[in-house]
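Numbering (my numbering), first residue to last: 2 to 621.
The beta-carbon is built from N, C-alpha and C at its ideal position, and this holds for glycine as well.
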């Protein structure tokens, strides 16, 4: 009986060796290396267990029984890795996870071979037949093994509900192959085995090997694995067909199913064989080695498709298959034919269009209408075959060339966009454009519709200026000042100083000389005080005769110098313009060095200004 056990185990080892060799030959395929490791572990397990049954003394039997664990500890983890690879979830195997998975198996080997010193593994319960009972660590390893096998089984089990029938059968075979050794181990542990003392698990590896080989040869496992379905692929209007490296159909989306009339029965078949059942696939077979082509397929009516063939690469950049996409261009071809038939009609339409129309091909202007000549100031002969870049303001060239690239590559550009068009006299106009791809004399080109929006742009700029500036003086207004004080509150441009200036005598000028003279006084004062400040300083008129200046990155010492400079500017103006009403201000200031809250700084500066005014400290 012992010899029969040994022979059966050797047969199991041979079958596992054959599966391991086949997996190694296909090691670049998904899951192949993990299957090789699993079958190698099965070989070690079966052979060492076989030697145990033909060993002649108890010491040798115990030694070879312990040696089986060099295969036993590897098998569960290999099962899990296979399941993760098959279900496209191998990304979870980070370095930390791999280390965690290796910890229990490694410790198990150490505990097993040092058991005579601590008894954690056997706890005095070992026998010479099989390792089916033991101490604390034995049951820790059993629990680890069952958890790992359960995870692997659940992953594969879920796959049987997610994919098409072909992959459901494929996953079912893998699931059965994984569960057999697990069930055999449970039977042995519970003592239900018809062969007392014999661990059935390595025998059931034989059955697993046979199932894996069947999945390998009949269903192309390692060569045809299901790609992850997503809403994107399912919802695509374009047809998508996935082939493996020998042109077997791996998957397709609903659009491809409608185009060719496919059923799941063609999964796993080559294009040639599937073409016998689905004649429409014959036209596909003739084109699968062409990167891009156009094919015609007749359903209820003839449709024309643009077909693209893209290689599918594994992590080693090895080609594992092809992705075929089919885009229906029937309507495009119909429109193209209509345009070609009506070319003269369209030319007449373009020539009389008020809108500027421009056709650009390979960055050159190949057509323009009279409205374009009027807009640019160029005669038509100076535009045709010239680079369209000559019409673009230098600062706008990067944006326009990028948009042109997107047009050429077929990317979608939402709406219209604006740029500055340079005329022949070097003046520029603001224009708004949109473009579409068209066929121009047999080659793709971009048709641009351009309208002049200069006046609208000027109005927008003026409106924007009015929203932030005081119309009379041209300085910033109170709204802009309040926005900036809020922005500077949390900026790094500290400290911030604020100067408040209140004009003296404005009411008297308005009353005695009229408001026009008062307005002139404000404009002159604004112009003069602006001279005293830096370009980055924010000078605003926030009231009738009140001005405020925000000084970023300005400490108290610098602010005092700036106030002195303001006094000098006002003094110089009054001395040089005696015929003009003298300019006079009460000036107060404060800085965030004293308080971080800029609203408090503003109030302090305003208070300081009123103190100066009350004490008749005026700048003249």
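Between the CA atoms of residue j and residue i - distance to the nearest angstrom
i, j, result
"residue 463", "residue 606", "32 angstroms"
"residue 390", "residue 509", "59 angstroms"
"residue 328", "residue 443", "20 angstroms"
"residue 95", "residue 438", "46 angstroms"
"residue 180", "residue 154", "7 angstroms"
"residue 25", "residue 38", "9 angstroms"
"residue 20", "residue 399", "59 angstroms"
"residue 420", "residue 394", "8 angstroms"
"residue 477", "residue 428", "29 angstroms"
"residue 611", "residue 589", "7 angstroms"
"residue 255", "residue 267", "14 angstroms"
"residue 490", "residue 592", "12 angstroms"
"residue 435", "residue 533", "47 angstroms"
"residue 102", "residue 41", "18 angstroms"
"residue 143", "residue 28", "30 angstroms"
"residue 622", "residue 76", "Nothing about residue 622 can be read from this structure; the chain reaches only from 2 to 621."
"residue 417", "residue 401", "12 angstroms"
"residue 84", "residue 45", "22 angstroms"
"residue 330", "residue 456", "41 angstroms"
"residue 494", "residue 551", "11 angstroms"
"residue 458", "residue 431", "7 angstroms"
"residue 90", "residue 594", "58 angstroms"
"residue 485", "residue 599", "10 angstroms"
"residue 466", "residue 546", "21 angstroms"
"residue 324", "residue 309", "8 angstroms"
"residue 5", "residue 56", "13 angstroms"
"residue 332", "residue 269", "33 angstroms"
"residue 557", "residue 396", "40 angstroms"
"residue 47", "residue 10", "5 angstroms"
Buried versus exposed call for residue i [16 or more other C-beta atoms within 10 Å across all chains shown]
i, result
"residue 312", "exposed"
"residue 616", "exposed"
"residue 513", "exposed"
"residue 303", "exposed"
"residue 22", "exposed"
"residue 7", "buried"
"residue 137", "exposed"
"residue 536", "exposed"
"residue 555", "buried"
"residue 335", "exposed"
"residue 375", "exposed"
"residue 561", "exposed"
"residue 65", "buried"
"residue 114", "exposed"
Reduced DSSP secondary structure (H/G/I, E/B, other) of residue i
i, result
"residue 442", "coil"
"residue 600", "helix"
"residue 399", "helix"
"residue 533", "coil"
"residue 262", "coil"
"residue 246", "coil"
"residue 556", "coil"
"residue 7", "helix"
"residue 273", "helix"
"residue 56", "coil"
"residue 454", "coil"
"residue 329", "strand"
"residue 145", "helix"
"residue 382", "helix"
"residue 394", "coil"
Spatial neighbours of residue i in its chain, beta-carbon cut-off 7 angstroms, leaving aside the 5 residues before and after
i, result
"residue 322", "243, 244, 245, 246, 251 and 313"
"residue 623", "Any question about residue 623 goes unanswered here, given that the chain covers just 2 to 621."
"residue 260", "240, 298 and 327"
"residue 519", "507, 510 and 511"
Own chain partners of residue i with C-beta closer than 6 angstroms, once the 5 adjacent residues on each side are dropped
i, result
"residue 384", "366 and 369"
"residue 361", "389 and 447"
"residue 1", "Residue 1 cannot be examined here, being either before or after the span of the chain that is shown, 2 to 621."
"residue 185", "201, 202 and 205"
Any C-beta of chain C under 7 angstroms from that of residue i
i, result
"residue 408", "No chain C appears in the structure shown, which is made up of a single protein chain."
Residues near residue i by beta carbon distance below 8 angstroms, same chain, minus five either side
i, result
"residue 110", "70, 71 and 74"
"residue 271", "247, 248, 249 and 250"
"residue 176", "154, 157, 158 and 161"
"residue 364", "388, 389, 390 and 405"
"residue 454", "419, 431, 432 and 433"
Task: Continuous beta strand (DSSP E) assignments of at least 3 residues falling wholly in the region 459 to 529 - done: 498 to 504
Open item on the list: Just to confirm the assignment: which complete beta strand (DSSP E) runs, minimum length 3, are found wholly within the region 81 to 142?
Closed with: none
Open item on the list: What ranges does the beta strand (DSSP E) occupy inside the region 404 to 440, keeping only unbroken runs of at least 3 residues that lie completely in it?
Closed with: If we require 3 residues or more, the beta strand (DSSP E) runs fully inside the region 404 to 440 come out as 418 to 423.
TODO: Would you mind listing the beta strand (DSSP E) stretches within the region 560 to 602 that are 3+ residues and don't spill past its ends, in chain order?
DONE: 586 to 592
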